Each structure stands twice: as structure tokens, then as C-alpha cells.
Amino acid sequence: MENKILAESAWDYSLESDAAGNLIFEVVCGTVGIYTIRFILNEDEINKWETEGTTGLRHLAYGVRDYPEEYIKRKI
Numbered sequence: 151m152e153n154k155i156l157a158e159s160a161w162d163y164s165l166e167s168d169a170a171g172n173l174i175f176e177v178v179c180g181t182v183g184i185y186t187i188r189f190i191l192n193e194d195e196i197n198k199w200e201t202e203g204t205t206g207l208r209h210l211a212y213g214v215r216d217y218p219e220e221y222i223k224r225k226i
């Protein structure tokens, strides 16, 4: 079964759900070199998505870009 895209912003982020029900967030990072960080949302991040929608995702994407080392540990 393919993942289902729930939200996306071009050259910014995408949020998708997988067959197991995980919410997977992928953020485009970098300036000279472009790379992505893809990780499963934790409970707090899911709550933000549920309460704030795309605004919450946009803020999370900013945080990933500002502090990528915190999210690279969770990279899948």
C-alpha cells in the first residue's frame, strides 16, 4: 500500500501517512546543497498538526531547518 499525502508545500515539506498509521514528515533543508530530513512525527508534533494544521507544520519545518541535528537522529 502506498503512503497517502496529507499535506505538502512545494520545496518546503510534505506530510504523509503510511500503512501502519505513522505520520511521516519530510522537510527540504540546505542552502548551497539541498537535502531532506524525513522522520515520524512524535505525539507532540501530531497534536500540533491536529490543532494548528498547516501552520503547525510550517513552524515545525522551520525548526527542522534551524536545528537539523535534533531531527537527523530521528531520520528514517
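Counting from 151, one number per residue, gives the positions in the sequence shown under my numbering. No residue lacks a Cβ here, since even glycine has one placed at the ideal position from N, Cα and C. What you are looking at is a predicted structure, and each value in this text was computed from that prediction instead of being measured.
Exercise. Do the region 155-162 and the region 186-194 touch if we need at least three Cβ pairs shorter than 8 Å?
Worked result: no
Problem set entry | Backbone CA spacing between SER164 and ASP216 [nearest angstrom] | Counting from 1 along the sequence shown, the entry for residue 164 is found at position 14. Counting from 1 along the sequence shown, the entry for residue 216 is found at position 66. Distance between the alpha carbons of SER164 and ASP216: 17 Å.
Exercise. Does the ligand NAP have even one heavy atom less than 7 Å from the beta-carbon of LEU191?
Worked result: This structure lacks the ligand NAP, and indeed carries no ligand of any kind.
Problem set entry | Between the CA atoms of THR204 and LYS198 - distance to the nearest angstrom | In the sequence shown, counting from the first residue as 1, residue 198 sits at position 48. In the sequence shown, counting from the first residue as 1, residue 204 sits at position 54. Approximately 9 Å between the Cα atoms of the pair.
For this session: Give the DSSP-derived three-state secondary structure of LYS198 in the structure shown.
Result: As a first step, residue 198 is located in the sequence shown; it is residue number 48 there, counting from the start. The answer is helix: DSSP assigns LYS198 an H, G or I state.
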